[in-house]
Amino acid sequence: MSTSKDDILAALGHIASPEGVSLPSTGKLSDIVVADGKVFFSITVDAAAVEAWEAIRGRAQKAVAALPGVQSVMVALTAERSGSAGSARGAPARPQVSPATRPRPGAPPGAAPSGIPGVQAIIAIASGKGGVGKSTTAVNLALALRELGLKVGILDADIYGPSMPKLLAIRERPQAIGGNRLRPIERFGMPVMSIGFLIEEETPMIWRGPMVMSALTQMLHEVEWGALDVMVVDMPPGTGDAQLTMAQQVPLKGAVIVSTPQDLALIDARRGIAMFRRVNVPVLGIVENMSTFVCPQCGTRSDIFGHGGARREAERLGVPFLGEVPLDIVIREKSDSGSPVVATAPDSDHAKYYRNIAIRVRDGLATSSRPAPKIVIEA
């Protein structure tokens, strides 16, 4: 039996807001997404009322979870500051993070975020901009770390443009375990989780930043990851609110920056490095992707995006240079077919590029330690 939006709205109609109005009549509900028994929506309220509305959010989630055919529910409480001095000056209101995504209760100011049971280290694969091959690098790096004997999992944190369903040819849905926990999909011996497993490929994710963080929090803490040496997180591109909040609220052991060698991409890579440094996440190094192109027919080398820019930038900024990966049709074809080169052509030169990078990342993790946060950036 499937559940419709009307069924969900009817269930939510029995829940009253703090003012006594039925939840659907408050105008605070986002569009409700229903896909294969998975339900997603958010409740947007004023920041000053967050504490009162958190109980409403919990009741809404329980009411929808009790409906026939519902396997899991994700309800985010998003809040925006209104009437502040900044808003009075015409500055945009900044989104506030709901209690579900704040640091653990009772933690002192500046305390490190809580970890994930069984996960020893979490590393972010990031880029200052999209289109530089970050997700392809994340998948092949994870597989190469696994080849080195580590237990590895992958979290696709790019809510707006999830890539793991395509890169790993995953079509099935995660199974619910004991209520609202999910079992990740296994591929090439690794647990994988992505919002792309829960929605249709062409469904747009029209979500505010705090709802994105709520979704990421649930994928981190409400998924049965098991025992992992390393969790590789494919981060969203850029240095916006979602990236900053993720860096603050997840105990990242380090970050790997992916960039092409061209100046335009390196400008954004610098911003990414500066962001991680500001929130005291060690930068494990820079990868130069699409480093050069060698024609498979004539063997002529062409530096389409330039060459060596990431290495020079790493030296200038004092961070490790992890290696180069060429622009190659084999890597592209295998990525598009869901057959990553490290898993399906482990003896190829292409796989060796990623394996050498993985060795340097592993060694960097062995010496990396995240200092206690010195600053707090408002989400």
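For what it's worth, our numbering labels the leading residue of the sequence shown as 726, then goes sequentially. Note that CB positions come from ideal geometry on N, CA and C, so glycine has one too.
Handout entry: Beta-bridge partners of L754, as assigned by DSSP
Key = I768
Exercise for the section: Look up A788 in the DSSP assignment and say whether it is helix, strand or coil. Expected result: helix
Exercise for the section: With distances taken Cα to Cα, identify the nearest neighbour of A980 among I841, V1086, F1030, S755. Expected result: V1086
Exercise for the section: Just mark Q786 as buried or exposed, buried being the case when its beta carbon has 16 or more other beta carbons within 10 Å. Expected result: buried
Practice task
Please report how far the alpha carbon of K876 lies from the alpha carbon of A863, in whole angstroms.
Solution key: 15 Å
Practice task
Assuming G997 and S852 form a contact by the criterion Cβ under 8 Å, report the distance between their Cβ atoms to the nearest whole angstrom.
Solution key: The pair is a contact, with the Cβ atoms about 7 Å apart (cut-off 8 Å).
Handout entry: Same chain, Cβ closer than 7 Å to R782, neighbours up to 5 away in sequence not counted
Key = I768, V800, L802
Problem - Beta-carbon proximity of M915 to M944, cut-off 9 Å - result: no
Practice task
Confirm, please, whether the CB-CB distance from L991 to E949 is below 9 Å.
Solution key: no
Problem - Rounded C-alpha distance that separates H946 from D883 - result: 17 Å
Exercise for the section: Can you give me the start and stop residues for the alpha helix (DSSP H) that M960 sits inside? Expected result: Careful: M960 lies outside any alpha helix (DSSP H) and carries neither H nor E.
Problem - Nearest residue (CA-CA) to P962, options Y885, A774, G1024 - result: Y885
Practice task
Kindly indicate the opening and closing residues of the beta strand (DSSP E) around G979.
Solution key: Unbroken beta strand (DSSP E) run through G979: 977 to 984.
Problem - A952 in three-state terms, based on DSSP - result: coil
Problem - C-alpha gap between S807 and A952, whole angstroms - result: Note that S807 scores a pLDDT of 49, beneath 50, so its modelled location is shaky; the value from the coordinates is reported in the next line. Each residue's Cα considered, the two are about 43 Å apart.
Problem - C-alpha gap between K854 and P1065, whole angstroms - result: Straight-line Cα distance between these residues: approximately 22 Å.
Practice task
Output the boundary residues of the alpha helix (DSSP H) element that contains M1015.
Solution key: Run containing M1015: none; DSSP gives neither H nor E here.
Handout entry: Exposed unless 16 or more other CB atoms sit within 10 angstroms - verdict on R1041
Key = exposed
Handout entry: With 16 other Cβ atoms within 10 Å as the buried cut-off, status of A777
Key = exposed
Problem - Own chain, CB closer than 6 Å to R784, minus 5 neighbours either side, in chain order - result: I740
Problem - Segment limits, beta strand (DSSP E) that includes P890 - result: Here P890 belongs to no beta strand (DSSP E); instead the alpha helix (DSSP H) covers 889 to 892.
Exercise for the section: With distances taken Cα to Cα, identify the nearest neighbour of V1008 among D1072, I982, S1027, F1018. Expected result: I982
Exercise for the section: Reducing DSSP to helix, strand and coil, say where G921 ends up. Expected result: Helix.
Problem - D731 to K753 span [Cα, whole Å] - result: Taking the Cα positions, D731 is about 16 Å away from K753.
Handout entry: Helix, strand or coil at S809 according to DSSP, with G and I counted as helix
Key = For S809, the pLDDT reaches just 39, beneath the cut-off of 50, and the residue's location in the model is therefore unreliable, leaving the point undetermined.
Handout entry: Opening and closing residue of the alpha helix (DSSP H) in which L866 lies
Key = 859 to 872
Problem - Residue nearest to F684 in terms of C-alpha spacing, selected from N1005, D993, G1043, V1050 - result: There is no way to answer for residue 684, as the model of the chain reaches only from 726 to 1104.
Exercise for the section: Output the distance between the C-alpha atoms of G921 and I1084, rounded to the nearest integer angstrom. Expected result: 29 Å
Handout entry: Whole-angstrom distance between P1045 and L868, CA atom to CA atom
Key = L868 and P1045 have their alpha carbons spaced roughly 21 Å apart.
Practice task
State the DSSP-derived secondary structure class of V844, mapped to helix, strand or coil.
Solution key: strand
Problem - Which of helix, strand or coil DSSP assigns to I902 - result: strand
Handout entry: Span of the beta strand (DSSP E) around A879
Key = For the sequence presented, residue 879 should be read as Ile rather than Ala. I879 -> beta strand (DSSP E) spans 877 to 881.
Problem - Under the three-state DSSP convention, the category T728 falls into - result: Correct three-state label for T728: coil.
Handout entry: Length of the line joining the Cα atoms of G738 and S747
Key = 5 Å
Exercise for the section: Let me know if D761 comes out buried or exposed under the rule of 16 or more other beta-carbons within 10 Å of its beta-carbon. Expected result: Classification for D761: exposed.
Handout entry: N- and C-terminal bounds of the alpha helix (DSSP H) containing K1002
Key = Note on residue identity: the sequence assigns Arg, not Lys, to residue 1002. Counting along the chain, the unbroken alpha helix (DSSP H) around R1002 starts and ends at 988 to 1003.
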